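Let me begin by presenting the structure, written as structure tokens, before commenting on it.
Protein chains: 2
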Amino acid sequence: MINSLGRFVPERVEPYGSFSPYAGAFARQTGAFTGQAPARPFIAPRMGYDKVTRSIREAVERSGLRDGMTVSFHHHLRNGDAVLPVIMAVIREMGIKNLTLACTALTEAHACVVDCIRDGVVTAVHASGLRGAVGRGISTGMLGKPALMQGHGSRARAIQEGSLSIDVAFLGTPTADTAGNATGSCGPSACGSLGYAMIDARYARHVVAVTDNLVPYPLSPRISIPEYLVHQVLVIDSLGDPAKIASGTVRYTRDPLQLSIAESAFKLIRASGLLAPGCSFQAGAGGVSLAVSSFVHQYMKEQGIKGSYALGGITGHATAMLRDGLFESLLDVQSFDAAVASSIHEDPRHMEIDASAYANPFVTSCAVNNLDIVVLAALEVDTDFNVNVVTGVDGGLRGGIGGHADTAAGAKLSVVVTPSFRDRVPVIADSVLSITTPGETVDAVVTEKGICINPRREDLIALANKARLPIVDIKALHREVVSLTGKPDPIEVDETCPVALVEYRDGTIIDTVFKVKE
Amino acid sequence: MINSLGRFVPERVEPYGSFSPYAGAFARQTGAFTGQAPARPFIAPRMGYDKVTRSIREAVERSGLRDGMTVSFHHHLRNGDAVLPVIMAVIREMGIKNLTLACTALTEAHACVVDCIRDGVVTAVHASGLRGAVGRGISTGMLGKPALMQGHGSRARAIQEGSLSIDVAFLGTPTADTAGNATGSCGPSACGSLGYAMIDARYARHVVAVTDNLVPYPLSPRISIPEYLVHQVLVIDSLGDPAKIASGTVRYTRDPLQLSIAESAFKLIRASGLLAPGCSFQAGAGGVSLAVSSFVHQYMKEQGIKGSYALGGITGHATAMLRDGLFESLLDVQSFDAAVASSIHEDPRHMEIDASAYANPFVTSCAVNNLDIVVLAALEVDTDFNVNVVTGVDGGLRGGIGGHADTAAGAKLSVVVTPSFRDRVPVIADSVLSITTPGETVDAVVTEKGICINPRREDLIALANKARLPIVDIKALHREVVSLTGKPDPIEVDETCPVALVEYRDGTIIDTVFKVKE
């Protein structure tokens with residue numbers, strides 16, 4: 002099938018099921034689209050059974066995991082995560098095969114998944130992002146079918162509606178009590194919010210809270226996942242490497258080019274008029290995004306503007322803005338560094354929200370849909386403002402969707418910040434290799450060579466002109482960039498070998514990633 | 002059918018469905034009982050729809066409420082609740098008929114339900130308790146079928162497994178934001194925990210948050226019900242009478258008889274050895290129960306015992322114990338007075354839990370099942386230790402199951418405190434009129450005439466003897482009481498007219514309440 006953006010997408014891929022082609026960012030959000038979450042079997046538990054075990058093998062056996070089932074993990078422990086590696090190692094030893102691995106993201110910490118795929122232990126993958134060795138491996142077609150890439154809102158929707166049905170969730174929980182009440186806000190492997198894990202816990206058939214910090218019942222004062230959703234508490238020596246758990250993808254920048262892009266983005270945001278009392282704001286943890294946050298921080302402080310909430314992916318910078326009184330509260334679905342864990346533990350205005358509250362498009366409302374301003378990164382942007390955050394210059398899988406598509410669709414102003422080219426390859430392309438976020442939902446692209454505003458946003462163009470900002474036509478910018486870098490060789494792909502499907506937040510397929518021809 | 006306690010119970014009653022007879026307190030808790038929660042349809046919402054309305058009629062219309070559906074309300078606003086009366090008045094005006102009214106409890110504030118039943122607006126009732134005019138009305142058989150009485154754990158179970166399927170939940174929420182994030186911990190009608198409402202919010206097809214304190218998005222710092230579960234925010238002038246919201250059924254006692262019962266109960270608890278570091282405790286809000294709490298409070302303070310948690314039904318007294326450092330935390334499913342609302346708002350160790358976390362027997366675990374000690378009241382107890390908390394001396398419906406059966410089944414020590422007779426009628430009966438809590442789960446009955454210990458608890462009898470407590474055989478006590486009061490005239494009931502079914506926590510029917518012959 003060809004979707005409304007002209008991309009080839011499949012109708013059905015096992016074991017994921019049937020798909021509809023993407024038909025517009027809000028095509029399923031008119032109030033007319035309905036569905037049915039499936040029936041869920043349950044077992045009334047034996048009174049007084051002991052949930053705690055110290056044997057991974059025993060936990061896997063008790064979970065009833067068998068060939069062909071779906072297991073889930075989260076990435077709140079970032080690049081320090083040891084939970085997936087140690088659990089999957091035992092599953093592999095036990096000879097269980099043909100699993101669907103449903104991860105919120107696969108990171109540098111998850112290289113072992115390559116071996117699991119090679120051995121047939123894992124034969125299908127759901128993830129918002131595929132980084133490192135797993136991304137490279139899946140890019141070669143080794144899975145034998147495409148991975149299904151789902152952003153954070155999409156995953157929450159899929160779990161709720163049952164299109165992603167998790168048999169066993171192994172959830173790293175930095176502190177848990179003997180009954181399974183659990184949190185990420187304290188313990189030696191503290192990671193902050195457990196927002197993504199909270200959804201898996203609510204819907205998986207069997208939930209294992211994996212911890213290295215078992216505390217007496219009841220956990221207090223913060224329970225992120227309540228006991229009644231947890232079937233087993235598995236105590237292991239360590240959830241991972243605290244140094245790598247503490248530092249995620251957060252990077253502060255001193256690069257003059259990045260700072261100049263950030264300053265332009267800030268000026269556009271200021272010109273939009275949205276940076277006013279009661280405003281809400283999200284920015285990622287990339288260098289330019291953080292620099293935009295710094296400009297916003299300074300401006301709000303100078304002007305005495307108190308915003309409503311910062312959302313996301315919460316960085317130490319956002320917690321500083323909370324402490325400075327620049328926001329009433331933080332809504333935290335995922336924390337980016339260790340400073341955040343202490344803030345969420347100590348400051349009640351720093352609120353933990355689950356992935357549905359963050360971005361699920363099929364619940365009655367979610368925080369991204371209330372957002373005023375979002376600042377986003379990109380690997381590639383095309384002249385229709387479509388954004389690619391999943392494939393790199395070589396056409397291979399890297400990066401991830403995260404909340405990119407969700408926030409772009411929900412926010413009043415979505416600003417993509419990016420240099421116009423990287424390593425002599427244009428970022429501003431004629432057509433992106435992979436569409437993850439439709440141009441329909443992207444309001445502006447800010448580069449070091451000026452600001453491109455989506456022609457749909459005449460209001461924003463007028464405001465930017467009034468503020469005398471350097472607006473450039475995105476097609477002209479593309480031509481300028483190509484005149485500098487030269488036209489890059491087109492990436493030739495093997496259309497018989499899809500390696501990833503990119504699911505839009507509403508469950509439709511927005512693009513297919515194919516294997517690159519060697 | 003006749004159940005394992007010899008009570009006549011029906012196999013099927015519309016619209017509630019089919020029932021199994023009670024077969025023992027733990028018959029379904031061996032790990033073998035399975036079921037299936039039904040499929041749940043959903044509608045993907047229109048982007049950016051406005052949830053707020055100030056018209057009750059509009060809210061009812063938008064909810065899609067029609068003849069024959071099920072509506073739910075909670076009783077967290079206690080005797081001050083105006084939510085049910087004002088909503089039901091509009092529903093009645095609109096001519097909607099044949100509704101099933103699924104309330105967590107019907108109180109003195111809900112006399113209007115009698116008119117709704119008379120007019121055919123309400124034709125079936127679920128409630129944990131039926132007090133005041135509604136109790137009297139339903140006792141006459143005016144419903145034309147029995148009400149279904151479900152304790153707190155039973156209701157959570159029924160909602161989760163789908164045997165109670167709520168079409169529209171009208172949830173009084175003392176503070177809510179424009180997207181429906183809601184809490185009971187602040188606002189002019191603050192009521193404390195929204196533990197029962199939290200379950201309705203998660204499972205009802207359509208959820209209306211009814212508030213008199215609309216705040217900007219996002220509500221902070223405590224969200225009890227997240228926005229994504231809420232379909233509409235209905236703003237009304239007042240949720241009720243703050244004076245009556247503030248005071249529930251809490252009654253301190255200076256009655257020497259009650260104090261002597263309380264002291265005996267405390268001595269039994271002390272003798273049990275359970276009042277040790279890390280202990281957990283629940284006591285109701287009745288006069289004797291509160292007096293027991295006072296003795297326990299004083300003892301823990303003197304002995305320097307720090308307990309783990311107090312559970313329930315949280316009173317101002319429990320919050321004082323938290324402040325005095327006698328418990329690590331409070332787990333609060335329902336708050337009994339206004340002091341509690343400020344505690345839950347300000348002290349993070351005072352944790353709000355939902356009804357499943359409190360007492361749902363079919364989830365992996367719940368707080369009552371971890372409880373050491375519970376102190377419970379009774380309207381009537383029989384020589385098999387069966388307890389009645391739903392029918393009074395005249396055989397009419399009053400009181401309610403609440404968490405009685407749940408805590409009795411879950412706690413290591415369940416102590417019923419009661420005078421041996423009231424108004425010249427024996428409380429210690431040969432056979433209770435209505436069984437709500439099976440004797441199998443009741444460890445001791447403490448009266449002013451001594452302590453009766455369940456013969457199953459030989460260990461407890463030995464400990465009580467060692468402490469030289471005045472143990473009496475319950476049959477002997479019954480004979481003694483009858484010799485004082487005279488044998489009361491038996492209550493003659495009309496077995497062709499069941500007025501209430503008493504559901505045990507596992508969904509089986511433990512007893513039927515019949516209309517009393519005039």
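Sequences listed follow chains F and V, in order. Counting along the first sequence from 1, when you hit position 5 you're at 6 in this note's numbering, and nothing is skipped either side. Counting along the second sequence from 1, when you hit position 24 you're at 25 in this note's numbering, and nothing is skipped either side. Idealized CB from N, CA, C, for every residue including glycine. None of the values given here were measured: they were computed from a predicted structure.
Between V/Y505 and chain F, the shortest Cβ-Cβ separation is not below 8 Å.
Neighbourhood of V/S309 in chain F, by CB distance below 8 Å: P217, Y218, P219, in chain order. Of all residues in the segment 43-59 of chain V, only F43, I44, A45, P46, R47, M48, G49, Y50, K52 come within less than 8 Å of chain F when Cβ atoms are compared, listed by chain position. With contacts defined by Cβ atoms closer than 8 Å, V/C117 and V/S73 do not form a contacting pair. Contact between V/L377 and V/S415 holds: their C-beta atoms lie close to 6 Å from each other, under 8 Å. For the options V/P471, V/R79, V/H111, V/F337, the alpha carbon positioned closest to that of V/A90 is the one of V/H111. Residues are counted here when their Cβ sits less than 8 Å from a Cβ of chain V; for the segment 350-380 of chain F these are R350, M352, I354, D355, S357, A358, N361, P362, F363, V364, T365, S366, C367, A368, N370, N371, given in chain order.
By the CB criterion at 8 Å, F/V135 and F/L107 fall inside the cutoff.
Residue contact with chain V for F/P11: absent (no Cβ-Cβ distance below 8 Å to any residue of chain V). The straight-line gap separating the alpha-carbon atoms of F/V123 and F/Q37 is approximately 28 Å. The beta carbon of F/I160 lies closer than 6 Å to those of I200, Y204 in the same chain, with the five residues before and after it left out.
At the C-beta level, V/V447 and V/A266 come within 8 Å of one another. Counting C-beta pairs closer than 8 Å gives fewer than three between the segment 343-358 of chain V and the segment 17-26 of chain V, which falls short of the contact rule. Closest in alpha carbon position to V/L131, among V/L240, V/G397, V/P42, is V/G397. Closest option to V/G288, judged by alpha-carbon separation, among V/R350, V/R223, V/Y253: V/Y253. Judged by DSSP in its simplified three-state form, F/E329 adopts strand.
Scanning the segment 359-432 of chain F from its first residue to its last, the whole alpha helix (DSSP H) runs of 4-plus residues come out as 405-411. For F/E481, the enclosing alpha helix (DSSP H) stretches over residues 475-486. Taking 8 Å as the threshold, the shortest C-beta distance from V/I436 to chain F does not fall below it. Around V/G96, no beta-carbon contact reaches into chain F at under 8 Å, the shortest distance being about 26 Å.
Only those residues of the segment 219-246 of chain F whose C-beta falls short of 9 Å from the nearest C-beta of chain V are listed: P219, L220, S221, P222, R223, I224, P227, E228, Y229, L230, V231, H232, Q233. Its Cα nearest to that of F/K268, the residue F/K467 stands out among F/A28, F/K467, F/T35, F/F27. Under a criterion of Cβ atoms nearer than 7 Å, the residues of chain V adjacent to F/A40 are, in order, Q37, A38, P39, A40. Taking the Cα positions, F/V375 is about 22 Å away from F/G193. Considering only V/D120, V/A177, V/Q299, V/P243, the residue with the shortest C-alpha distance to V/P189 is V/P243. In this structure, F/S366 lies near V/A180, with their beta-carbon atoms less than 8 Å apart. In the three-state reduction of the DSSP assignment, V/K302 falls in the helix class. When DSSP states are grouped into helix, strand and coil, V/L269 belongs to the helix group. According to the DSSP secondary-structure assignment, F/D256 is paired through a beta bridge with no residue.
With respect to chain V, the C-beta atom of F/G181 has a partner C-beta closer than 8 Å. Taking C-beta atoms as the reference points, V/T437 and V/V364 fail to come closer than 8 Å.
The C-beta of F/L332 comes closer than 8 Å to at least one C-beta of chain V. Unbroken alpha helix (DSSP H) stretches of 4 residues or longer found wholly inside the segment 102-161 of chain V: 113-119, 133-140, given in chain order. When secondary structure is reduced to three states using DSSP, V/Y197 falls in the helix class. Per DSSP, reduced to three states, the secondary structure at V/V91 is helical. With contacts defined by Cβ atoms closer than 8 Å, F/N387 and F/L149 do not form a contacting pair.
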